[in-house]
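According to the numbering used here, the residues represented by the sequence shown are 53 to 167, in order. We put the CB at the ideal spot given by N, CA and C, even for glycine. One structure is given below, encoded as structure tokens.
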Amino acid sequence: MDITWRKLLKERLSERFHNLGQVLTRSIIVTLTAGVAAAVPDLEPIIGLVGSICFSILGLMIPAIVDIILRLETGFGRYHWVLIKNILLIMFSLFGLISGSYASILSLVNSDDEA
53 MDITWRKLLK
63 ERLSERFHNL
73 GQVLTRSIIV
83 TLTAGVAAAV
93 PDLEPIIGLV
103 GSICFSILGL
113 MIPAIVDIIL
123 RLETGFGRYH
133 WVLIKNILLI
143 MFSLFGLISG
153 SYASILSLVN
163 SDDEA
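Shown next as structure tokens:
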């Protein structure tokens with residue numbers, strides 16, 4: 053709420069309507085959240101898909117890429133072991149991304165068939 057209010061709405065409304073604007077913004081966010089919950093009664097497959105994508109990218113791939121970029125000038129150690137390690141991490145991350153997303157999408161499709 054704070055990000056939405058400060059970045060998008062605070063400057064667009066006069067100070068007289070700040071309270072009303074905050075109440076309306078909160079009401080809209082709650083209504084949208086309730087609408088998503090009603091439209092998607094089984095969130096487990098979607099949470100699995102988001103989790104598989106976010107973990108493999110944010111937890112494994114991005115740190116390896118950042119490590120490669122930061123070590124470009126200083127080197128990758130004897131026999132380029134840091135580069136090899138990071139490439140293996142990226143490959144493992146891609147494997148997790150593909151297999152986790154595939155399994156989650158299959159779970160989504162199968163849960164729709166059962167309903």
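Does the structure place the region 69-84 close enough to the region 54-61 that three or more beta carbon pairs sit under 8 Å?
Verdict: yes, contact present.
Tell me whether the beta-carbon of Ile120 lies closer than 8 Å to the beta-carbon of Leu140.
The answer is no: Cβ separation not under 8 Å.
Integer-rounded CB distance, given that Ile114 should sit under 8 Å from Leu149:
Not confirmed; about 12 Å, so no contact.
List the whole-angstrom C-beta distance separating Leu160 from Leu101, where the pair is believed to meet the contact cut-off of C-beta under 8 Å.
Contact between Leu160 and Leu101 holds: their C-beta atoms lie close to 7 Å from each other, under 8 Å.
Would you mind giving the Cβ-Cβ distance between Ser163 and Pro97, rounded to the nearest angstrom? I have them listed as a contact below 8 Å.
Correct: roughly 5 Å between the Cβ atoms.
For Ala116, collect the residues of the same chain with a Cβ closer than 6 Å to its Cβ; drop the 5 residues on either side in sequence, then sort them by chain order.
Spatial neighbours of Ala116 in its own chain (CB-CB distance under 6 Å, excluding positions within 5 residues in sequence) are listed in chain order as Asn138, Leu141 and Ile142.
Return the CA-CA distance between Val94 and Val88, expressed in angstroms with no decimal places.
A small fix is needed here, since residue 94 is Asp in this sequence, not Val. Roughly 11 Å between the two C-alpha positions.
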